[in-house]
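In UniProt numbering, the protein residues as written are 1 to 229. C-beta: ideal position from N, C-alpha, C; glycine also. A quick note: this is a predicted structure, and the numbers were derived from the prediction, not measured. Single-structure report; data block below.
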Ligand SMILES: Nc1ncnc2c1ncn2[C@@H]1O[C@H](COP(=O)(O)OP(=O)(O)OP(=O)(O)O)[C@@H](O)[C@H]1O
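See below:
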């Protein structure tokens, strides 16, 4: 469904993603685990077109999206929830979600979004900046889903979120996958969350995938060893 091949991304002379290869199946949740600075954010931002890639292919279905601008990738079916959520704090919840509709030319927020996130319906007219961290994360996910993506990219969604809310988030993301039917790539440092949510775990180190494990057969200790400093 989604494939990244021979993919490299660099800042000037420094190559941060290094001839990377992986794929994601339809309706699959893949977690990319790695320590700080291993290239997770660079990978995510480049996959949505915010940072240019140096070489390689990125295909969604039959389309090579590697050379496309961000808004074209959104139209093609990719959505992105950035690290730190980046919601618009002075806009209302409803207005924040509506920003996700612009590139796909829909006018109204799909009702099923409010079914997935009832708290956002209750808070529809509140300013984004007045929501808790967990609620802002739901808002950022709802905004991304407004464009009806086939692939959702989430960059370190648990950062700054309380442990009890992290468990809710894992449940909600799996429900989204089951009800809407889409694929998810989530970058993470928190192993417990990755084990809760993922069908498959990839470990990134120095810009390369160095380990790949199916959730059901994962060796937790070995994966944890990659995350300890
Ligand atoms: N704009 C930039 N210019 C130059 N180097 C950068 C830039 N952004 C990131 N880097 C470098 O690229 C490497 C990967 O950073 P990146 O933020 O992708 O890692 P990460 O795994 O997402 O880490 P974190 O968990 O801290 O977000 C780091 O060595 C970082 O210093």
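Measuring only the C-alpha atoms, how far is residue i from residue j?
| i | j | result |
| --- | --- | --- |
| residue 93 | residue 51 | 28 Å |
| residue 148 | residue 4 | 21 Å |
| residue 170 | residue 78 | 20 Å |
| residue 226 | residue 210 | 10 Å |
| residue 100 | residue 38 | 29 Å |
| residue 91 | residue 219 | 44 Å |
| residue 86 | residue 62 | 31 Å |
| residue 172 | residue 229 | 30 Å |
| residue 121 | residue 114 | 6 Å |
| residue 88 | residue 128 | 6 Å |
| residue 11 | residue 54 | 9 Å |
| residue 215 | residue 108 | 37 Å |
| residue 96 | residue 137 | 12 Å |
| residue 139 | residue 28 | 22 Å |
| residue 199 | residue 21 | 18 Å |
| residue 174 | residue 145 | 14 Å |
| residue 110 | residue 119 | 15 Å |
| residue 124 | residue 117 | 11 Å |
| residue 25 | residue 13 | 33 Å |
| residue 84 | residue 19 | 27 Å |
| residue 1 | residue 176 | 18 Å |
| residue 106 | residue 45 | 25 Å |
| residue 71 | residue 41 | 19 Å |
| residue 143 | residue 134 | 14 Å |
| residue 260 | residue 58 | What is shown of the chain runs 1 to 229, which leaves residue 260 out entirely. |
| residue 15 | residue 31 | 22 Å |
Report, in whole angstroms, the separation of the C-beta atoms of residue i and residue j, which I expect to be a contact under 8 Å.
| i | j | result |
| --- | --- | --- |
| residue 189 | residue 43 | With a Cβ gap of about 14 Å, residue 189 and residue 43 do not count as contacting. |
| residue 73 | residue 49 | 5 Å |
| residue 207 | residue 17 | 5 Å |
| residue 60 | residue 153 | Actually they do not touch by this definition, with Cβ atoms about 11 Å apart. |
| residue 201 | residue 213 | 5 Å |
| residue 187 | residue 156 | 6 Å |
| residue 103 | residue 75 | 6 Å |
| residue 141 | residue 81 | 6 Å |
Helix, strand or coil for residue i, going by three-state DSSP, please let me know.
| i | result |
| --- | --- |
| residue 28 | coil |
| residue 178 | helix |
| residue 126 | coil |
| residue 203 | strand |
| residue 34 | coil |
| residue 62 | coil |
| residue 150 | coil |
| residue 20 | strand |
| residue 198 | coil |
| residue 210 | strand |
| residue 84 | coil |
| residue 78 | strand |
Against chain B, with Cβ distances strictly below 8 Å, would residue i count as a contact?
| i | result |
| --- | --- |
| residue 71 | In summary, chain B is missing from the structure at hand, where a single protein chain is found. |
Closer than 5 Å is what we want: which residues have a beta carbon that near any heavy atom of ligand 1? List them in chain order. Output, sorted by chain position: 11, 16, 36, 37, 38, 39, 40, 41, 42.
Any contact between the region 148-157 and the region 175-191? By contact I mean 3 or more CB pairs, one from each, below 8 Å. A contact exists between the region 148-157 and the region 175-191.
Count Cβ pairs between the region 215-223 and the region 191-205 that sit closer than 8 Å; are there 3 or more? As far as the Cβ criterion goes, the region 215-223 touches the region 191-205, which means the pair count is three or higher.
Are the region 157-170 and the region 4-21 touching, with three or more C-beta to C-beta distances below 8 Å? The region 157-170 makes no contact with the region 4-21: fewer than 3 CB pairs, one atom from each, lie closer than 8 Å.
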